Every structure is written in C-alpha cells, then in structure tokens.
Amino acid sequence: QKEVEQNSGPLSVPEGAIASLNCTYSDRGSQSFFWYRQYSGKSPELIMFIYSNGDKEDGRFTAQLNKASQYVSLLIRDSQPSDSATYLCAVNNWAGNMLTFGGGTRLMVKP
Amino acid sequence: DTGVSQNPRHKITKRGQNVTFRCDPISEHNRLYWYRQTLGQGPEFLTYFQNEAQLEKSRLLSDRFSAERPKGSFSTLEIQRTEQGDSAMYLCASSPSGVGEQFFGPGTRLTVL
Chain D
451 QKEVEQNSGP
461 LSVPEGAIAS
471 LNCTYSDRGS
481 QSFFWYRQYS
491 GKSPELIMFI
501 YSNGDKEDGR
511 FTAQLNKASQ
521 YVSLLIRDSQ
531 PSDSATYLCA
541 VNNWAGNMLT
551 FGGGTRLMVK
561 P
Chain G
225 DTGVSQNPRH
235 KITKRGQNVT
245 FRCDPISEHN
255 RLYWYRQTLG
265 QGPEFLTYFQ
275 NEAQLEKSRL
285 LSDRFSAERP
295 KGSFSTLEIQ
305 RTEQGDSAMY
315 LCASSPSGVG
325 EQFFGPGTRL
335 TVL
C-alpha cells in the first residue's frame, strides 16, 4: 500500500463546475497536508495547505481534512480551463523533514 | 526574484559521467530539500538539510548520490557514474519551518544517454 494515494484520473469536468480531488494517507502521525498544482513540464506550485480537521477556504479552493479517516480533499469551484493540470497531494511526516507525495490526479476542465 | 532557483535547468550527459546541480533557496529559509520526479509520478524525497546539517537521507538513495550545503545557504547535488535510470527531474525546495509549506524551484531535468 502506498503511503499517499490519489486517483490518477483523468478527472474531466466542464468549465464552471466543481472539481473534487481526493487523497488518502497511511501515516497517522502526519501533521500537515498540502495540495500542489503541476503543469506539464513545470515544477509543483503550492496552492493550499491545511493542518487542522475541517475546511479551509482560499478563493475558489477549499481544502478538507479528516484525520480520523486519514482523508484530504481539494474542491475547486467555478473550474476554468487554466485549472487543467496535475494536482499533487503531499503529507508532511511527524518530524517535518520530508513530504510524501501521491502520484497526482490529472484534471481536465473542458470549455 | 526571491524564489528558489536551480541551475542548470537542463543537463544531458553520457552514462558514466558525473553531474552536479545547484540550488539556491529562498534567503530566509533554513530548511532545504531535494526530490526526484519521474514522468507520471509524484516527487520522491531524496535528502534534507537544516542549515548546513544533512539530517535525513532516503534509504533508496544510491551511494552515487551526494549532497552538500556547506554554509547553510546554497546546496549542491552530485550524481557520480550516471546511469540511464537517473534520468528525471531533480527538484529543490525550501521551507522556513519544519511542518510548514515547501516552495519548489523550477527543477533540473537530467537526461542520461
């Protein structure tokens, strides 16, 4: 079992819809959780982070964390074609000395 | 530009040659990380520095790989006797704190022929 799991996709949504991206992790000692966006050929770009159970909103993005279920999600409202990218879920270990990434979910937003 | 910078951006080498990459972190960040990413996969942790001390190194990292951060500022990653399997994007990230967010540089794409 991988430490951080994501559905590889592609997840296809129409422009203006809500995109829902999910991630599960295995290490219960994990303290912080991150969502990165990565365009083809580019490096990961941080878009959201969350430390506590519940929801955290930033513009069109909402991160959700449920530590009991070891589950993190990212919602993108009013999806735009420019949101088309691979979204990487990353989990920081208890010591904070490394990120473990999932394999990423490819999102396609169709005009 | 105050972001993480990496040089070179691209490197093509022949199998068996040594290569060295450089990373300059965000100036006030004392933590620096190296990751490797192959096509279709998420980044994989290689090693971590806090200031000049290398505090963590992946067990998966071959002895051909070595990293330094001599003055707690920039870092270098050297790969000796490169193999075709070393072809990947090598990413550097920096962070101001342990559990805080990590910011990535543009990466160095290595191709081993």
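Here the protein sequences come in this chain order: D and G. For reference, each letter of the first sequence is one residue, going 451 to 561 in my numbering. For reference, each letter of the second sequence is one residue, going 225 to 337 in my numbering. Using N, Cα and C, we set each Cβ at its ideal position, and we do this for glycine too. Note that this is a predicted model, so its numbers are computed, not measured.
Three-state secondary structure (DSSP) of residue i
| i | result |
| --- | --- |
| residue 309(G) | helix |
| residue 533(D) | helix |
| residue 505(D) | strand |
| residue 477(D) | coil |
| residue 302(G) | strand |
| residue 325(G) | coil |
| residue 229(G) | strand |
| residue 464(D) | strand |
| residue 526(D) | strand |
| residue 276(G) | coil |
| residue 281(G) | strand |
| residue 262(G) | coil |
| residue 295(G) | coil |
| residue 518(D) | coil |
| residue 453(D) | coil |
Cross-strand partners of residue i (DSSP beta bridge)
| i | result |
| --- | --- |
| residue 550(D) | 541(D) |
| residue 235(G) | 334(G) |
| residue 472(D) | 523(D) |
| residue 488(D) | 536(D) |
| residue 248(G) | 229(G) |
Handout entry: Segment contact flag, the segment 524-536 of chain D with the segment 281-300 of chain G, C-beta cutoff 8 Å, min 3 pairs
Key = Of all C-beta pairs linking the segment 524-536 of chain D to the segment 281-300 of chain G, fewer than three are shorter than 8 Å, placing the two stretches out of contact.
Exercise for the section: Please list the residues of the segment 272-285 of chain G that have a C-beta atom closer than 7 Å to any C-beta atom in chain D, keeping them in chain order. Expected result: Contact residues of the segment 272-285 of chain G toward chain D are 272, 279, 280 (C-beta to C-beta distance below 7 Å).
Practice task
Using a Cβ-Cβ cut-off of less than 7 Å, give me the residues of the segment 482-496 of chain D that come near chain G, in sequence order.
Solution key: So the close ones are 482, 484, 493, 494, 496.
Handout entry: Inter-stretch contact at 8 Å, needing at least 3 Cβ pairs: the segment 492-511 of chain D / the segment 233-240 of chain G
Key = By the Cβ rule, the segment 492-511 of chain D does not count as touching the segment 233-240 of chain G, because fewer than three pairs are nearer than 8 Å.
Problem - Chain-ordered residues of the segment 457-471 of chain D with a beta carbon less than 9 Å from chain G - result: Taking 9 Å as the Cβ-Cβ cut-off against chain G, the residues of the segment 457-471 of chain D that qualify are 458.
Handout entry: At least three beta-carbon pairs within less than 8 Å, the segment 310-318 of chain G to the segment 247-266 of chain G
Key = Under the 8 Å Cβ criterion, the segment 310-318 of chain G counts as touching the segment 247-266 of chain G, having at least three qualifying pairs.
Exercise for the section: Report yes or no: do the segment 461-469 of chain D and the segment 521-531 of chain D share at least 3 C-beta pairs separated by less than 8 Å? Expected result: At 8 Å Cβ cutoff, the stretches touch.
Exercise for the section: Select from the segment 252-269 of chain G all residues with a C-beta closer than 9 Å to any C-beta belonging to chain D, and list them in chain order. Expected result: Answer in chain order: 255, 257, 259, 261, 264, 265, 266, 267, 268, 269.
Practice task
Residues of the segment 502-521 of chain D with a CB closer than 9 Å to any CB of chain G: list them in chain order, please.
Solution key: The residues in question: there are none.
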